[in-house]
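Peer 1: Following this message is one structure expressed as structure tokens.
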Amino acid sequence: MPDAAIPKEQLTAYQRWELPAFDVVKAVEPPPINLPTAAQIEHIHMQAHEEGYQAGYVEGMKQAGTEAQRIAKILESLNKELQNVDQKIAQDLLNLALEIAKQMLQQALKIKPELLLSVVHAAIGELPYFNQNAHLVLHSDDAALLRTSMGEQLLHAGWKVFEDNQIERGGCRVETAHSQIDATLPKRWQRVVASIGQDSAWLES
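Just so you know, the numbering used here puts 179 at position 179 of the sequence shown, and the rest follows in order with no gaps.
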């Protein structure tokens with residue numbers, strides 16, 4: 001109930017009018033905020049750093065593995081190429097050596113045509129026995145040389161010398177009734193290169 005009014009004449013100098021009292025509504029306090037401590041912040045930072053490191057490590061290892069596989073394939077391909085190059089170089093060197101040997105043999109026969117005599121002896125030696133009435137076929141220039149050097153021996157054995165200028169100088173054929181020995185240069189060359197697993201013609205086409 002509000003206070004009763006006081007007559008004006010009863011008011012003293014020390015009395016003042018006061019606002020009547022009302023019910024006071026208390027303010028609702030917000031819940032307290034628990035801020036992390038410095039230690040907790042440091043722990044969170046270290047945990048995030050560790051998780052980031054682990055994720056980066058896994059991703060880095062994955063990329064490194066992929067890169068390693070790519071490099072391994074490149075090295076394997078390079079190794080095969082080097083092997084192919086080595087084989088090609090070896091084959092080229094062998095071909096060069098055969099060509100040099102061929103040229104040297106041709107020059108040697110031109111400089112020393114009497115080398116043919118050893119060819120004739122070797123061809124005769126390949127026959128099963130020294131046949132009577134055998135034929136020796138060779139280039140006309142070599143035939144002249146053979147008649148001069150072995151004419152009497154061949155005549156005594158009953159051998160006859162025939163000329164065939166299609167046979168290159170330095171080679172010959174020995175023909176009997178039962179066998180034939182091809183000692184021409186292309187044939188002899190073919191035997192030589194075949195013995196080392198090659199196929200090089202005496203005269204390139």
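From the three backbone atoms N, C-alpha and C, an ideal C-beta is built for every residue, glycine too.
1) Output needed for D182: all residues of its chain with C-beta closer than 7 Å, excluding positions within five of it in sequence on either side, in chain order.
2) Pull up the distance between the alpha-carbon of T184 and that of Q87, whole angstroms please.
3) Once DSSP output is grouped into helix, strand and coil, what is the label at R147?
4) DSSP on I181, reduced to helix/strand/coil?
5) Between the Cα of A123 and the Cα atoms of T148, K187, E152, L145, which residue gives the shortest distance?
6) Assuming H139 and F162 are in contact, meaning their beta carbons sit under 8 Å apart, how far apart are those beta carbons, in whole angstroms?
7) Would DSSP call H49 helix, strand or coil?
8) One question on the structure: do G151 and N133 come within less than 8 Å of each other, judged by their Cβ atoms?
9) Would you mind reading off the limits of the alpha helix (DSSP H) that contains L116?
10) If we count the other Cβ atoms within 10 Å of its Cβ and call it buried at 16 or more, is S205 buried or exposed?
11) So, for A143: in the same chain, excluding its five sequence neighbours on each side, which residues have a beta-carbon less than 6 Å away from its beta-carbon?
12) Can you give me the Cβ contacts of E59 inside the same chain, cut-off strictly under 6 Å, excluding the 5 residues immediately before and after it?
13) If I follow the unbroken beta strand (DSSP E) through R173, where does it start and stop?
14) Between E168 and the rest of its own chain, which residues show a CB-CB distance below 6 Å, the 5 nearest in sequence each way excluded?
15) Compute the Euclidean distance between the alpha carbons of Q83 and I71, then round it to the nearest angstrom.
16) Skipping 5 residues on each side, what residues in its chain have a beta carbon closer than 8 Å to that of Q63?
17) Are the Cβ atoms of V119 and L146 separated by less than 8 Å?
18) Out of curiosity, what's the CA-to-CA distance linking L116 and Q198?
19) Leaving aside the five residues before and after K110 along the sequence, list all residues of the same chain whose C-beta is less than 8 Å from its C-beta, in chain order.
20) If you count every other CB in all the chains shown that lies within 10 Å of the CB of G125, and 16 or more means buried, which is it?
Peer 2: To lay it out plainly:
1) By 1-based counting over the sequence shown, the position of residue 182 is 182. Non-local C-beta neighbours of D182 in its own chain, meaning closer than 7 Å and more than five positions away in sequence, comprise R173, ordered along the chain.
2) Along the sequence shown, read from residue 1 onward, the residue named residue 184 stands at position 184. Along the sequence shown, read from residue 1 onward, the residue named residue 87 stands at position 87. T184 and Q87 have their C-alpha atoms some 32 Å from each other.
3) In the sequence shown, the residue the question calls residue 147 occupies position 147. Here R147 carries a helix assignment [DSSP, helix/strand/coil].
4) Locating residue 181 in the sequence shown gives position 181, where the first residue counts as 1. Residue state for I181 is assigned as strand, using DSSP reduced to three classes.
5) The residue given as residue 123 occupies position 123 in the sequence shown. When only C-alpha atoms are compared, the closest one is K187.
6) Sequence index remark: in the sequence shown, residue 139 carries index 139 (1-based). Sequence index remark: in the sequence shown, residue 162 carries index 162 (1-based). Rounded, the Cβ-Cβ distance is 11 Å, inconsistent with contact.
7) What you label residue 49 is simply residue 49 of the sequence shown in a count that begins at 1. Reduced to three states, the DSSP call for H49 is helix.
8) Indexing the sequence shown from 1 puts residue 151 at position 151. Indexing the sequence shown from 1 puts residue 133 at position 133. Against a cut-off of 8 Å, the Cβ pair of N133 and G151 comes out as no contact.
9) Your numbering for residue 116 matches position 116 in the sequence shown. The continuous alpha helix (DSSP H) containing L116 extends over residues 116–125.
10) Taking the first residue of the sequence shown as position 1, residue 205 is located at position 205. Residue placement at S205 is poorly supported in this model, since its pLDDT is 41, which falls under 50; the coordinates are not used for a value here.
11) Start at 1 with the first residue of the sequence shown, and residue 143 comes out as number 143. Cβ neighbours of A143 beyond the five flanking positions: V161, E163.
12) Counting from 1 along the sequence shown, the entry for residue 59 is found at position 59. Closer than 6 Å at Cβ, skipping near neighbours: no residue.
13) Stepping through the sequence shown from its first residue, residue 173 is reached at position 173. For R173, the enclosing beta strand (DSSP E) covers residues 172–175.
14) The residue given as residue 168 occupies position 168 in the sequence shown. Excluding positions up to five away in sequence, the list reads L185.
15) Looking up residue 83 in the sequence shown gives position 83. Looking up residue 71 in the sequence shown gives position 71. Approximately 18 Å between the Cα atoms of the pair.
16) The residue you call residue 63 lines up with position 63 of the sequence shown. So the list is empty, once near-sequence residues are dropped.
17) Numbered from 1 along the sequence shown, position 119 holds the residue referred to as residue 119. Numbered from 1 along the sequence shown, position 146 holds the residue referred to as residue 146. Between V119 and L146, the C-beta gap is not smaller than 8 Å, which leaves the two residues out of contact.
18) Counting from 1 along the sequence shown, the entry for residue 116 is found at position 116. Counting from 1 along the sequence shown, the entry for residue 198 is found at position 198. Going by the C-alpha atoms only, they are around 25 Å apart.
19) Here residue 110 refers to the residue found at position 110 when the sequence shown is read from its first residue. Its chain contains R169 as the residues whose beta carbon lies nearer than 8 Å to that of K110, once the 5 sequence neighbours on both sides are disregarded; these appear in chain order.
20) Here residue 125 corresponds to residue number 125 of the sequence shown, with the count starting at 1. That one is exposed.
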